[in-house]
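If you read the sequences in order, they're chains R and U.
Quick note: the first sequence uses numbering that gives the first Met the number 0, first residue 0, plus one each step.
Quick note: the second sequence uses numbering that gives the first Met the number 0, first residue 0, plus one each step.
For every residue, glycine included, the Cβ atom is placed at its ideal position computed from N, Cα and C.
Keep in mind that this is a model prediction, so the values were computed, not measured.
What follows is a single structure, written as C-alpha cells, with notes after it.
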Amino acid sequence: MSVIAGADAIEVVDTGIVGATPHDRVVAALMECVVRWGVQKTTVEDVARAAGMSRATVYRLFPGGKRSMLDAAALTIVMRLVDIACREAQLAESQSDALTSLLVSASEFLAADEALQFVLEHDAGAVEAQLALGGLDLLFVTIGETVGPLLVPLFGTPEVARDAAIWVARIVASHLMNPAGGASLVQQDVARHIVETYFLPGIYESGAVAIPGRDSTQV
Amino acid sequence: MTELDARERIMAAAVRCAAKKGVQRFSLEDVATEAAVSRTTIYRQFPGGRPQLVQESATWEVARFWMRLADSVADAATLEDRLVGGLKMGSDMMRRSPIMSNLNATEIEELAIALRPSEALVHEVIRSYLRDLLAEEQIAGKVRPDLDVSEAADYLARMLLSVLGAPVGRDLSDEAATRELVRTQFLGGIAVR
C-alpha cells in the first residue's frame with residue numbers, strides 16, 4: 000500500500016474492522032485489547048478472540064507474536080499520520096500555514112487515538128522503547144521523504160522543505176512524549192507561535208527564501 | 000563508607016557490569032564483586048533487588064551523562080558554541096558508550112521503562128540549565144530582548160533531546176554542519192543578529 004496520500008490509504012482509515020485485510024483486523028483488535036487491558040496484559044489469545052480468528056491464524060499472520068503486532072500497530076499510526084500530513088501540506092498556501100496546520104492536525108490525530116493515548120498514560124516506556132535506537136530516526140526520515148517533497152513549492156529547495164517536515168515531526172513527537180504544561184499543539188495559536196517564533200526566522204536567516212507571493216508571513 | 004558512598008559505589012559497579020556483560024546478563028553477584036561489597040549490602044541499599052538497582056543505576060547514569068555534557072561545554076564562549084559543543088560531545092559519548100551500542104530489543108524496553116519515571120525531571124533540569132543561560136545572554140543583549148526565556152528554554156531542550164536522540168543522518172561531529180543546524184533551527188528565532 001502506498002504511504003503517500005491516496006484512495007487506498009484513506010480507505011483503511013474509514014473501513015474499521017469488517018472488510019479490511021486480515022492484518023488490519025488483527026491490528027485493530029490489538030488496539031481494542033490494549034485500550035481494555037494495557038500492553039503488558041494483552042495476550043495473543045485476547046487479540047485472536049477480538050479479531051474473531053483462531054490463535055493459529057493470528058500467529059500465521061504475525062509470526063513474531065505480540066511484538067510484531069505492536070510494530071504493525073505503530074506502522075499503521077505512522078501511515079495514517081503521513082496521509083493526513085500530506086493532505087495538509089498540499090492545502091497550505093504559506094510556510095506558516097503549512098507548518099502550523101501540520102503541527103495541529105498531527106497533534107489532533109495522535110490525541111484522538113485512544114489506544115495510543117492509553118499506552119502513553121499507562122505504559123509510556125513501551126512507546127519509548129518502540130521509538131528508541133533508530134525507530135524515531137526512521138520515523139523522521141519517512142516524514143522527511145513523504146511530506147518534504149510536498150512542501151518544496153513553499154520552501155523553495157528540497158533540502159529546506161525536508162528540514163521543515165522533519166522539524167514538525169520532531170516537535171510533535173517531543174510534545175507527544177513530554178507534553179508542555181498548559182499549552183497544547185492542537186491549539187492553532189500555540190502551534191503558529193512556535194512556527195513563527197522559532198522555526199521560520201532561521202530559514203530566512205539561512206537565505207532559503209520562499210517563492211515571492213506565496214508566503215504571507217514573510218517580512 | 001557512608002550510606003551515600005555505598006549507594007553510588009554499587010550503582011557505578013552496576014553500570015560497569017552492564018557495560019561488560021550487557022544489561023540483561025549481569026547478576027547481583029557480579030555487582031557485589033565489582034563493588035567489593037556483600038550481597039546483603041546491595042539488598043540493604045536496594046530492597047527491590049535487581050529491578051530497583053537497574054532502574055536507579057540507569058537514572059543515575061543518565062544524570063551523570065548530562066552533568067558530564069554540561070562540564071564539557073562549561074568554558075564555551077557563546078550559547079551557540081555551547082549548543083554545538085554539547086551536540087558533538089553528546090553524540091560522541093553515546094556512540095562510544097559500550098552499554099548504548101550493545102543493547103538488544105528487550106534491554107531497550109527494560110531501560111526505556113526504567114527511565115520513563117525520571118524523564119520529566121531530566122527535561123526540567125535541562126530546561127532550567129538553558130533558562131539560566133538564556134537569561135544571562137538576554138542581559139548581555141545577545142538574545143532578543145522580548146524573548147520569553149522560559150518558553151525558549153523549553154524549545155531548545157526539546158530540540159537538543161530530539162536531535163541527540165534522532166540525528167536523522169546528520170553527522171553531529173561535523174562541526175560546520177552542526178553549527179549551521181544550531182544557527183537555523185535552534186537559535187534562528189532566539190539570537191540577536
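The continuous alpha helix (DSSP H) containing residue 80(U) extends over residues 78-95.
Apart from sequence neighbours up to five positions away, the residues of its chain that approach residue 91(R) with a beta-carbon distance below 6 Å are 97, 100, ordered along the chain. Excluding five sequence positions before and after residue 136(U), the CB atoms of its chain that fall closer than 6 Å to its own CB belong to 78, 142, given in chain order.
Here residue 165(U) carries a coil assignment [DSSP, helix/strand/coil]. Three or more beta-carbon pairs separated by less than 8 Å link the stretch 82-89 of chain R to the stretch 134-151 of chain R, which places the two stretches in contact.
The beta carbon of residue 43(U) lies closer than 8 Å to none in the same chain, with the five residues before and after it left out. Note that the stretch 163-171 of chain R touches the stretch 99-113 of chain R; at least 3 beta-carbon pairs, one per stretch, sit closer than 8 Å.
Per DSSP, the continuous alpha helix (DSSP H) segment holding residue 88(R) begins and ends at 65-90. Residue 176(R) sits close to residue 126(R), with the two beta carbons spaced by under 9 Å.
Taking a 10 Å sphere around the C-beta of residue 76(U), we find fewer than 16 other C-beta atoms and assign the residue as exposed.
Of all residues in the stretch 128-141 of chain R, only 128, 129, 130, 131, 132, 133, 134, 135, 136, 137, 138, 139, 140 place a beta-carbon less than 9 Å from a beta-carbon of chain U.
Residue state for residue 57(R) is assigned as helix, using DSSP reduced to three classes. Residue 176(U) is outside the set of residues whose beta carbon lies under 9 Å from a beta carbon in chain R. A Cβ-Cβ separation of about 7 Å places residue 93(R) in contact with residue 153(R) under the 8 Å criterion. Only exposed fits residue 192(U), as fewer than 16 other CB atoms lie within 10 angstroms of its CB. The three-state reading of DSSP puts residue 194(R) in helix, counting H, G and I together.
With distances taken between CA atoms, residue 117(R) lies nearest to 34(R) out of 182(R), 34(R), 20(R). The residue from 62(R), 156(R), 161(R), 142(R) with its alpha-carbon nearest to that of residue 76(R) is 142(R).
For the stretch 178-201 of chain R, the residues whose beta carbon sits under 9 Å from a beta carbon of chain U are, in order, 179, 182, 192, 193, 195, 196, 197, 198, 199, 200, 201. Residue-level contact check: residue 96(R) does not touch chain U, since none of the beta carbons of chain U fall below 9 Å from its beta carbon.
In the three-state reduction of the DSSP assignment, residue 19(R) falls in the coil class. By the 16-neighbour rule on beta-carbons within 10 angstroms, residue 187(R) is exposed.
In the DSSP assignment, residue 140(R) is bridged to no other residue. For residue 138(R), same chain residues with a beta-carbon under 8 Å away, outside a window of 5 residues either side, are 77, 130, 168, 172 in chain order.
Exclusion of the five residues before and after residue 189(R) leaves 182, 183 as the residues of its chain whose Cβ lies within less than 8 Å of its Cβ.
For residue 28(U), no Cβ of chain R is located within less than 9 Å of the residue's own Cβ.
Contact annotation: in the stretch 100-113 of chain U, residues whose CB is within less than 7 Å of a CB in chain R are 102, 107, 108, 111, 112. Assigned with DSSP and collapsed to three states, residue 22(U) falls in coil, not helix or strand.
Around the beta carbon of residue 28(U), fewer than 16 other beta carbons lie within 10 angstroms, which makes this residue exposed.
Ranked by Cα distance from residue 94(U), the options 172(U), 129(U), 104(U) are led by 172(U). Here residue 39(R) is exposed. Its C-beta has fewer than 16 other C-beta atoms within 10 Å. At a Cβ-Cβ threshold of 9 Å, residue 133(U) and residue 163(U) do not count as neighbours. Taking 9 Å as the cut-off, the Cβ atoms of residue 109(U) and residue 53(U) count as close. Chain R has a Cβ within less than 9 Å of the Cβ of residue 168(U). One thing to note: residue 92(U) has its Cβ within 9 Å of the Cβ of residue 67(U). Within chain R, the residues 179 have their CB atoms less than 8 Å from the CB of residue 153(U), given in chain order.
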